[in-house]
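Colleague: Structure incoming, see below.
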């Protein structure tokens, strides 16, 4: 593939602005999220937030590669815009929340962060006692994410990948400073197996997202990739093991157990199969893949470079 | 040029997808604790009678005060603090004015019983809710959305069983309530 046309400064500004707006939209949701979380004790917050741990973890561990072809030596530089969408299942829109101790019923089904309206319940024997869960923050069947990604290589058939988004603090306690970053390294296996008809590589990726003091996410993924190019089409796939953890830190106003709450939520995905294809269009390429694990998610985007 | 259009379309799609999925406004069930603590004077008088004025809006974060809609309560607790070996009994009252209080609940038991909060949800045998006061409480909570300046008057009168009464004894009544606050695009 030929080297990319340079993105003009105006284009870079457009890119930066778009990512800032997209990220700001996400960060604005954090205000509502924090409002909702503060009302919860730890156990209730876990159920409310578990779907976002599952889906965000799956998204973050997506989109790192679009081919297994890595030359042993030579300059490789590509800039990708990667979008990910995880599918929100119906089961992830509600959860069995704990009612206050002694309430009858002891648990009730109400909205998660992806649900709609919170449920109000009445005590079975004292009907004037009522309790309600908060509404969901996201009204969607898909949970998206987008990141810019840079890939640099090749040294002994090795490439390095980085993704980064920074959102400055906006206002006082409205949108906290947030940053998302990820790094990865891929190594060609097929360089050691010159006779095989496909390209093989292995890779490991680590990423982090931190937003104020509320959210601290980390993810790790490693696996093997395979690809085969035919003309301008590259078919690619892979098997990966992964883990992700979303940590929440907030101060609960629950009158029974007020105070600082620290919870740690593990993402549901631990293994995934990826299948996708990319199209080389001169100085750019477009790519899309599907990822199957406990969470189904899709990634796709556009890349510039060689 | 076509690539730039594809890029723009992709980014706008992602932007729209990312922002449009956030609910414009949501109802957050905000904790509204209403409580009053009254001291029992030390000495030879076993009786106590105290009152407190509680402005509901002061019990929640300032950012929610103009967004309150429906409200409800889910428990009432009575507890004591201080070292005492006798019994305590009395009535907690509630009113929408200082002169119109009605009984919210009665309480009766040993002082030690109340060292652990006695609650409606815990089916405590030591407290009994009174329908008249519960009706006033529900009325106050129901009116809070339309009247952000809503004030309730809590009072307690009762007695302890043994004199002299040591210094430092207190009785606390806590009403655990929630208000639905509309947190929207015009809010936070």
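Protein chains in written order, with this note's numbering: chain A, 1 to 306; chain B, 1001 to 1188.
Backbone N, C-alpha and C fix where the C-beta goes; we use that ideal spot for every residue, glycine too.
What you are looking at is a predicted structure, and each value in this text was computed from that prediction instead of being measured.
How many angstroms separate the CA atom of residue 1068 (chain B) from the CA atom of residue 66 (chain A)?
Modeller: 50 Å
Colleague: If you measure from the beta carbon of residue 1048 (chain B) to each beta carbon in chain A, is any gap under 8 Å?
Modeller: no
Colleague: Using DSSP with H/G/I as helix, E/B as strand and the rest coil, what is residue 289 (chain A)?
Modeller: Assigned with DSSP and collapsed to three states, residue 289 (chain A) falls in strand.
Colleague: For residue 121 (chain A), count neighbouring C-beta atoms within 10 Å of its own C-beta (all shown protein chains included) and say buried if the count is 16 or more, exposed if not.
Modeller: buried
Colleague: If the criterion is Cβ atoms closer than 8 Å, does the pair residue 130 (chain A) and residue 1064 (chain B) meet it?
Modeller: no
Colleague: Assign residue 1031 (chain B) to one of three DSSP states: helix, strand, or coil.
Modeller: Residue state for residue 1031 (chain B) is assigned as strand, using DSSP reduced to three classes.
Colleague: So, does the CB of residue 255 (chain A) fall closer than 8 Å to a CB anywhere in chain B?
Modeller: So, interface residue.
Colleague: I think residue 1154 (chain B) touches residue 1094 (chain B), with their Cβ atoms under 8 Å apart; what is that distance to the nearest whole Å?
Modeller: 6 Å
Colleague: For the stretch 1028-1044 of chain B, list every residue whose C-beta sits within 9 Å of some C-beta in chain A, in sequence order.
Modeller: 1028, 1029, 1030, 1031, 1032, 1033 and 1035
Colleague: By Cβ distance below 8 Å, which residues in the same chain neighbour residue 1126 (chain B) in space, the five residues on each side in sequence not counted?
Modeller: 1078, 1107, 1108, 1109, 1113, 1114 and 1118
Colleague: Apart from the five residues just before and just after residue 1143 (chain B), which ones in its own chain have a Cβ nearer than 8 Å to its Cβ?
Modeller: The beta carbon of residue 1143 (chain B) lies closer than 8 Å to those of 1150 in the same chain, with the five residues before and after it left out.
Colleague: Look at the alpha carbon of residue 158 (chain A) and the alpha carbon of residue 249 (chain A), and state the distance between them as a whole number of angstroms.
Modeller: Counting only the Cα atoms, residue 249 (chain A) lies some 38 Å from residue 158 (chain A).
Colleague: Within 8 Å (strictly less), CB to CB, does residue 1078 (chain B) reach chain A?
Modeller: At a cut-off of 8 Å, the C-beta of residue 1078 (chain B) has no neighbouring C-beta in chain A.
Colleague: Residue 1145 (chain B) to residue 1070 (chain B), Cα distance in whole Å?
Modeller: 6 Å
Colleague: Would you identify the three-state DSSP class for residue 1153 (chain B), choosing helix, strand or coil?
Modeller: Reduced to three states, the DSSP call for residue 1153 (chain B) is strand.
Colleague: Quick one, which residues of the stretch 110-135 of chain A are near chain B if we go by CB-CB under 8 Å, in chain order?
Modeller: Flagged, chain order: 117, 118, 120, 123, 126, 128, 129, 130, 131, 132, 133, 134 and 135.
Colleague: Counting only runs that start and end within the stretch 1057-1113 of chain B, where is the beta strand (DSSP E) found for 3 or more residues in a row?
Modeller: 1068-1081, 1087-1095 and 1102-1110
Colleague: Expressed to the nearest angstrom, what Euclidean distance is found between the alpha-carbon atoms of residue 1133 (chain B) and residue 1176 (chain B)?
Modeller: 15 Å
Colleague: Locate the beta strand (DSSP E) running through residue 56 (chain A), then write down its first and last residues.
Modeller: Segment 42-60 is the alpha helix (DSSP H) holding residue 56 (chain A); no beta strand (DSSP E) there.
Colleague: Can you list, in chain order, the residues of the stretch 1127-1138 of chain B whose Cβ is nearer than 7 Å to any Cβ on chain A?
Modeller: 1134 and 1138
Colleague: Answer yes or no: the CB of residue 70 (chain A) versus the heavy atoms of the ligand NAD, is any distance below 7 Å?
Modeller: Here there are no bound small molecules, and the ligand NAD is not part of this structure.
Colleague: Use the C-beta contact count for residue 166 (chain A): other C-beta atoms within 10 angstroms, 16 or more gives buried, fewer gives exposed.
Modeller: exposed
Colleague: For the stretch 90-154 of chain A, which segments carrying the beta strand (DSSP E) assignment without a break, of at least 3 residues, lie completely within its bounds, in sequence order?
Modeller: 94-98, 107-111, 120-122 and 130-132
Colleague: In the DSSP assignment, find the unbroken alpha helix (DSSP H) run with residue 244 (chain A) in it and report its ends.
Modeller: No alpha helix (DSSP H) contains residue 244 (chain A), which is instead part of the beta strand (DSSP E) from 233-252.
Colleague: Under 8 Å between C-beta atoms, does residue 108 (chain A) make it to chain B?
Modeller: no
Colleague: In angstroms, rounded to a whole number, what distance separates the CA positions of residue 1170 (chain B) and residue 1035 (chain B)?
Modeller: The straight-line gap from Cα to Cα measures roughly 13 Å.
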